[in-house]
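Have a look at the structure below before the remarks.
Protein chains in written order, with our numbering: chain A, 1 to 251; chain B, 252 to 443.
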């Protein structure tokens with residue numbers, strides 16, 4: 001049976017792991033490679049690395065970090081942050097990333113999704129969608145949640161699937177950093193609408209939040225950051241808990 | 252020396268990295284002499300079948316692969332290219348395994364992405380692996396079960412997780428990304 005995946009996300013700023021609340025008040029959470037190795041040991045199923053301050057100058061440094069990660073990590077990992085072109089993707093894949101994730105640039109240039117999919121395959125392109133409840137509608141927001149758009153989350157998800165995305169990383173900005181649980185309604189709606197895997201993100205605080213999102217939505221994976229970085233939840237304990245709840249996970 | 256076939260497919264470096272972690276030197280090459288004289292050959296792969304086959308044919312690498320006599324391991328797309336035919340791009344493949352490659356019917360999420368265990372299991376390559384062990388898959392096409400099938404996996408339907416015939420071995424999952432169990436399988440191949 002295909003297992004539900006647990007994915008720690010490492011936000012990277014100038015080579016260090018950081019974590020904030022609603023993308024603000026960043027705290028240092030350590031060396032990304034060391035943290036990644038710890039998560040692999042604990043049984044993480046995949047890893048996501050997001051360079052949250054990606055600039056052109058940082059790009060070479062990011063490729064260097066990806067090379068270090070690829071040398072040491074024996075599970076799949078995704079890299080994102082500031083990807084604007086097929087060339088950016090090519091450099092990260094060459095450095096050893098298994099997948100890349102794009103967010104704001106996909107909204108600005110939807111054709112980038114198809115370009116990446118046709119050149120490297122759908123399996124390596126994860127489209128990240130940040131969504132926020134605005135006037136009772138789940139809308140797509142960009143630039144780390146600061147800029148609203150006129151796109152509805154569900155229709156944008158269907159659109160990115162058509163364009164060739166292999167997976168969707170869906171973050172509820174209302175829930176992110178709050179530790180009050182994942183957003184069940186939008187995660188369920190997006191997951192039921194598309195036929196590609198959806199990763200739920202934003203709001204994990206307790207182990208029961210993971211079983212809730214797996215029970216009540218068709219999501220394939222759940223992603224979290226601070227609860228793992230600050231050792232509030234050990235992935236091994238989380239997986240034992242989920243097994244007891246009859247959710248199929250890799251142990 | 253282990254040779255990793257250089258062609259227009261992704262994730263070639265991850266195979267090299269995995270071999271490094273196991274302490275094995277490898278070269279990434281499309282030179283027929285280097286491939287022919289290597290102790291083992293690995294055909295990695297994430298990519299699209301028709302463009303991959305076209306690339307191999309244009310360089311005569313299809314015949315090079317068929318002539319190899321040392322242990323050869325195909326991974327993911329590598330496995331699919333070793334079958335007779337793939338629905339992906341309506342592609343005639345190498346025909347090492349007497350089976351065809353089809354697109355999963357759209358009754359569940361595609362690609363089949365993530366960790367899955369085995370339905371059945373035998374053969375030297377998967378020695379020491381148990382049915383409950385999970386390995387990492389990412390694919391939208393699968394190969395149909397045939398005489399050469401040594402392991403199966405269930406997603407939407409039962410399909411080939413691994414195949415063996417003569418000196419040719421293939422796995423649909425990614426051992427280079429399957430944590431400790433993947434390393435064990437790669438080590439089994441390297442010990443052949």
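No residue lacks a Cβ here, since even glycine has one placed at the ideal position from N, Cα and C.
Beta carbon of residue i nearer than 8 Å to that of residue j
i                      : j                      : result
residue 300 of chain B : residue 258 of chain B : no
residue 244 of chain B : residue 159 of chain A : This structure cannot settle anything about residue 244 of chain B, because the visible part of chain B is limited to 252 through 443.
residue 70 of chain A  : residue 36 of chain A  : no
residue 289 of chain B : residue 437 of chain B : no
residue 355 of chain B : residue 399 of chain B : no
residue 242 of chain A : residue 211 of chain A : yes
residue 2 of chain A   : residue 365 of chain B : yes
residue 378 of chain B : residue 439 of chain B : yes
residue 79 of chain A  : residue 100 of chain A : yes
residue 93 of chain A  : residue 49 of chain A  : no
residue 130 of chain A : residue 103 of chain A : yes
residue 312 of chain B : residue 441 of chain B : no
residue 422 of chain B : residue 413 of chain B : yes
residue 222 of chain A : residue 200 of chain A : yes
residue 53 of chain A  : residue 32 of chain A  : no
residue 265 of chain B : residue 428 of chain B : yes
residue 45 of chain A  : residue 7 of chain A   : yes
residue 214 of chain A : residue 247 of chain A : yes
residue 374 of chain B : residue 342 of chain B : no
residue 350 of chain B : residue 395 of chain B : yes
residue 164 of chain A : residue 180 of chain A : no
residue 98 of chain A  : residue 262 of chain B : yes
residue 387 of chain B : residue 148 of chain A : no
Residue burial classification, residue i (beta-carbon count within 10 angstroms, cutoff 16)
i                      : result
residue 344 of chain B : buried
residue 320 of chain B : exposed
residue 146 of chain A : exposed
residue 251 of chain A : exposed
residue 185 of chain A : exposed
residue 208 of chain A : exposed
residue 157 of chain A : buried
residue 332 of chain B : buried
residue 367 of chain B : buried
residue 254 of chain B : buried
residue 317 of chain B : exposed
residue 382 of chain B : exposed
residue 448 of chain B : Nothing can be reported for residue 448 of chain B, as the shown portion of chain B is limited to 252 through 443.
residue 308 of chain B : exposed
residue 167 of chain A : buried
residue 112 of chain A : buried
residue 424 of chain B : buried
residue 85 of chain A  : exposed
residue 4 of chain A   : buried
Candidates the options: closest to residue i by CA position
i                      : options                       : result
residue 410 of chain B : B/347, B/290, B/433 and B/353 : B/353
residue 234 of chain B : B/426, B/433 and B/252        : For residue 234 of chain B there is no data in the structure shown, the boundaries of chain B being 252 and 443.
residue 151 of chain A : A/60, A/140 and A/43          : A/140
residue 256 of chain B : B/326, B/274 and B/272        : B/326
residue 298 of chain B : B/401, B/328, B/254 and B/317 : B/328
residue 286 of chain B : B/322, B/265 and B/389        : B/322
residue 124 of chain A : A/10, A/233, A/197 and A/249  : A/197
residue 65 of chain A  : A/238, A/167, A/163 and A/91  : A/91
residue 153 of chain A : A/144, A/172, A/82 and A/143  : A/172
residue 405 of chain B : B/391, B/315 and B/370        : B/370
residue 30 of chain A  : A/62, A/115, A/14 and A/138   : A/14
residue 12 of chain A  : A/43, A/231 and A/61          : A/61
residue 162 of chain A : A/144, A/81, A/220 and A/118  : A/118
residue 338 of chain B : B/284, B/391 and B/403        : B/391
residue 143 of chain A : A/40, A/182 and A/132         : A/132
Practice item. Give, in chain order, every unbroken run of the alpha helix (DSSP H) that is at least 4 residues long and sits entirely within the region 378 to 403 of chain B. Key: Within the region 378 to 403 of chain B, no complete alpha helix (DSSP H) run reaches 4 residues.
Check your understanding: Using a beta-carbon distance cut-off of less than 8 Å, what residues from the region 404 to 432 of chain B approach chain A?
Key -> 405, 406, 425, 427, 428, 429, 430 and 431
Practice item. Report the residues of the region 208 to 231 of chain A with a CB closer than 9 Å to any CB of chain B, ordered along the chain. Key: Cβ contacts with chain B come from 218, 220 and 221.
Practice item. For the region 35 to 111 of chain A, list the alpha helix (DSSP H) runs that are entirely contained and at least 4 residues long, ordered along the chain. Key: 56 to 72, 86 to 95 and 104 to 108
Check your understanding: In the region 265 to 290 of chain B, which residues sit with their C-beta less than 8 Å from some C-beta in chain A, listed in chain order?
Key -> 265, 268, 269, 271 and 272
Practice item. For the region 374 to 399 of chain B, enumerate the residues whose C-beta is nearer than 7 Å to any C-beta of chain A, in chain order. Key: 385, 387 and 389
Exercise for review: Name, going along the chain, the residues of the region 291 to 310 of chain B whose beta-carbon falls closer than 8 Å to a beta-carbon of chain A.
Suggested key: 297, 298 and 299
Exercise for review: Mind listing, in chain order, the continuous alpha helix (DSSP H) runs of no fewer than 4 residues lying wholly within the region 170 to 206 of chain A?
Suggested key: 184 to 193
Review point. In the region 62 to 90 of chain A, which residues sit with their C-beta less than 7 Å from some C-beta in chain B, listed in chain order?
Key: 70, 71, 74, 75 and 76
**Study point:** Interface positions of the region 116 to 140 of chain A facing chain B (Cβ-Cβ less than 8 Å), listed along the chain
**Key:** Legend: CB atoms of the region 116 to 140 of chain A lying less than 8 Å from CB atoms of chain B belong to residues 120, 121, 122, 123 and 124.
Exercise for review: Could you name the residues of the region 161 to 184 of chain A whose beta carbon sits closer than 7 Å to any beta carbon of chain B, in the order they occur along the chain?
Suggested key: 166 and 167
Check your understanding: Which runs of the beta strand (DSSP E) spanning at least 3 residues fall entirely within the region 315 to 366 of chain B, listed in chain order?
Key -> 323 to 326 and 351 to 354
Check your understanding: Given a limit of 9 Å on CB to CB distance, which residues of the region 190 to 206 of chain A reach chain B?
Key -> 191, 194, 195, 196, 197 and 198
**Study point:** Near-chain A residues of the region 340 to 373 of chain B - C-beta to any C-beta below 9 Å
**Key:** 357, 359, 360, 361, 362, 363, 364, 365, 366, 367 and 368
Point to revise | Against chain B: residues of the region 29 to 49 of chain A by CB proximity under 9 Å | key: 40, 43, 45 and 46
Check your understanding: Which runs of the alpha helix (DSSP H), 4 residues or longer, sit entirely within the region 276 to 308 of chain B?
Key -> 283 to 288
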